[in-house]
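Under the numbering used here, the first residue of the sequence shown carries the number 55, and numbering increases by one thereafter.
C-beta: ideal position from N, C-alpha, C; glycine also.
Bear in mind the structure is a predicted one, so any value in this text is a computation, not a measurement.
The structure appears right after this line, and notes come after that.
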Amino acid sequence: MTRIPNYVVAYEATARGKEAIELGVALARLTHAELRVCLMLERSTAVPAKVPASTADFERLLEEQAREWLAAAATQVPSDVPVTTHVLWADSTSEGLIAAAAKFDSDRIVVGAARGGLLNRFTIGSVANALLHASPVPVALAPRGYRAPEAVTRITCAIGTRSGWEALLDSMVALADGLPVDLRFVTLVEADASHARPAHERTRAHDDAAKVDSAAHLAGVLTYFQKRSGATGTVTTEVATGATVEAAVEALDWRPGEIAFVGSSRLASPSRIFLGITAHRMLHGLPVPLVVVPNLPRVPLHA
55 MTRIPNYVVA
65 YEATARGKEA
75 IELGVALARL
85 THAELRVCLM
95 LERSTAVPAK
105 VPASTADFER
115 LLEEQAREWL
125 AAAATQVPSD
135 VPVTTHVLWA
145 DSTSEGLIAA
155 AAKFDSDRIV
165 VGAARGGLLN
175 RFTIGSVANA
185 LLHASPVPVA
195 LAPRGYRAPE
205 AVTRITCAIG
215 TRSGWEALLD
225 SMVALADGLP
235 VDLRFVTLVE
245 ADASHARPAH
255 ERTRAHDDAA
265 KVDSAAHLAG
275 VLTYFQKRSG
285 ATGTVTTEVA
295 TGATVEAAVE
305 ALDWRPGEIA
315 FVGSSRLASP
325 SRIFLGITAH
335 RMLHGLPVPL
345 VVVPNLPRVP
355 LHA
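Following this line, the structure appears as structure tokens:
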């Protein structure tokens, strides 16, 4: 029997929770997955002084309220996306989400943006931050104000030139197999990255050389991917340049129905996420959802 993927959606009765559901819907439609919408209640929650109830009674009241919120949340999910709702207790929300992903054998954890981001940009809250340094499964981040498109039309993978980029490619091979979605592999070039050099050594030649090196790297990335992938969409590569990483991201064209993927830092433990500096800076200029992939074992190439 073919395994049906499923995604844990971190829900709360706020705009952030609604944005997480919207991203969950977009991803579920792309991969024909099911959603596990989870509302976490922290065990450390104390009984308010004005509530005339025991701890057990208070927790029961919390669960009743949580189930009402989840019932309303389920109505946000379109009928073409299978969904279940779950009230779960945990010592912390991030720990609870990781435990839920293990319990449901989930393929991804989906969270919304914290408040405070400008335009449709990201602000990483404490829960997302904890997940981005510990999750064993990919974490999908919704930007502020996100709404699910009718279909995801392109996936952009930001590929660094340092060792370890194959892990992200392997995850894309598994994700895109048989899907008609377009794929774009991008390398970001910070045009003033030579600022640490003495002034007389800062030349346009350094930037041009970086672009050439990045283009050559992407050619290798494309070869690696095409030898392993059964993707049916159009696959392209692009070198994005800017005075900063943020500017390079903003210089790219982004479709309304697009999602970006990035790998974990080399500092990540095996099979764990660790958001690197470059990926963190990308968030400041990224107008689309971002999925951060853990460092996973390499997939062998079959003859």
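Cβ-Cβ separation, residue j to residue i (assumed contact under 8 Å), whole Å
i: Leu84; j: Tyr65; result: Not really, about 20 Å apart at Cβ, beyond 8 Å.
i: Arg114; j: Ala144; result: Incorrect: roughly 17 Å between the Cβ atoms, too far for contact.
i: Arg198; j: Ala230; result: In fact, because the Cβ distance is near 27 Å, the residues do not count as touching under 8 Å.
i: Val63; j: Val164; result: 5 Å
i: Arg282; j: Val227; result: 5 Å
Buried versus exposed call for residue i [16 or more other C-beta atoms within 10 Å across all chains shown]
i: Val266; result: exposed
i: Glu284; result: Here the sequence assigns Gly to residue 284, which means Glu is not the residue at that position. The residue is exposed, with fewer than 16 neighbouring Cβ atoms inside 10 Å.
i: Gly232; result: exposed
i: Ser268; result: buried
i: Glu244; result: buried
i: Asp224; result: buried
i: Pro132; result: exposed
i: Ser189; result: buried
i: Glu122; result: exposed
i: Gly78; result: buried
i: Gly71; result: buried
i: Glu204; result: exposed
i: Ala120; result: buried
Cut-off 8 Å between Cβ atoms - residues of its own chain near residue i, not counting five sequence neighbours on either side
i: Leu142; result: Cys92, Leu93, Met94, Leu95, Gly150, Ala153 and Ala154
i: Leu306; result: Thr210, Val240, Glu292 and Ala294
i: His140; result: Arg90, Val91, Cys92, Leu93, Leu124 and Ala154
i: Ala314; result: Ile209, Thr210, Cys211, Ala212, Met336, Leu340, Val342, Pro343, Leu344 and Val345
Other residues of its chain near residue i: CB distance less than 6 Å, five sequence neighbours each side excluded
i: Gly339; result: Glu300, Val303 and Glu304
i: Thr291; result: Phe239, Leu272 and Leu276
i: Ala202; result: Glu76, Val79 and Ala80
i: Pro136; result: Glu88
is_contact[residue i, chain D] using C-beta, thresh 8 Å
i: Ala155; result: Reference to chain D is not applicable here, since this structure consists of a single protein chain.
Inter-residue Cα distance where the pair is residue i and residue j
i: Thr68; j: Arg208; result: 28 Å
i: Ala184; j: Ser148; result: 6 Å
i: Leu329; j: Asp134; result: 33 Å
i: Ser318; j: Leu222; result: 8 Å
i: Asn349; j: Asp111; result: 43 Å
i: Ala80; j: Ala264; result: 35 Å
i: Arg335; j: Thr177; result: 11 Å
i: Ala194; j: Glu117; result: 26 Å
i: Leu242; j: Ile331; result: 13 Å
i: Ala126; j: Ser217; result: 45 Å
i: Val345; j: Leu337; result: 11 Å
i: Arg309; j: Val289; result: 15 Å
i: Glu312; j: Pro341; result: 9 Å
i: Ala297; j: Thr215; result: 18 Å
i: Ala182; j: Val316; result: 15 Å
i: Ala82; j: Gly274; result: 30 Å
i: Tyr61; j: Gln130; result: 16 Å
i: Tyr200; j: Ala333; result: 20 Å
i: Ala128; j: Glu73; result: 13 Å
i: Ser180; j: Asp159; result: 24 Å
i: Ala253; j: Ala196; result: The pLDDT assigned to Ala253 is 45, lower than 50, so where the model puts this residue is not dependable; a value taken from the coordinates is nonetheless given after this. About 41 Å.
i: Lys157; j: Ala270; result: 43 Å
DSSP bridge partner residues for residue i (one or two, in chain order)
i: Phe359; result: What the structure shows of the chain is the stretch from 55 to 357, and residue 359 is not part of that stretch, so it cannot be assessed.
i: Met94; result: Leu142
i: Asn60; result: Glu88
i: Val345; result: Ala194 and Phe315
i: Gly339; result: In the DSSP output, where bridge partners are listed per residue, Gly339 has none listed.
i: Ile163; result: Val62 and Val193
i: Glu118; result: Answer is none; Glu118 lacks a bridge partner.
i: Val137; result: Leu89
i: Gly296; result: Glu244
Close-in-space but distant-in-sequence residues of the same chain around residue i (CB under 7 Å, 5 per side omitted)
i: Val235; result: Leu84, Val206, Thr207, Arg208, Ile209 and Gly287
i: Pro59; result: Thr85, Ala87 and Asp161
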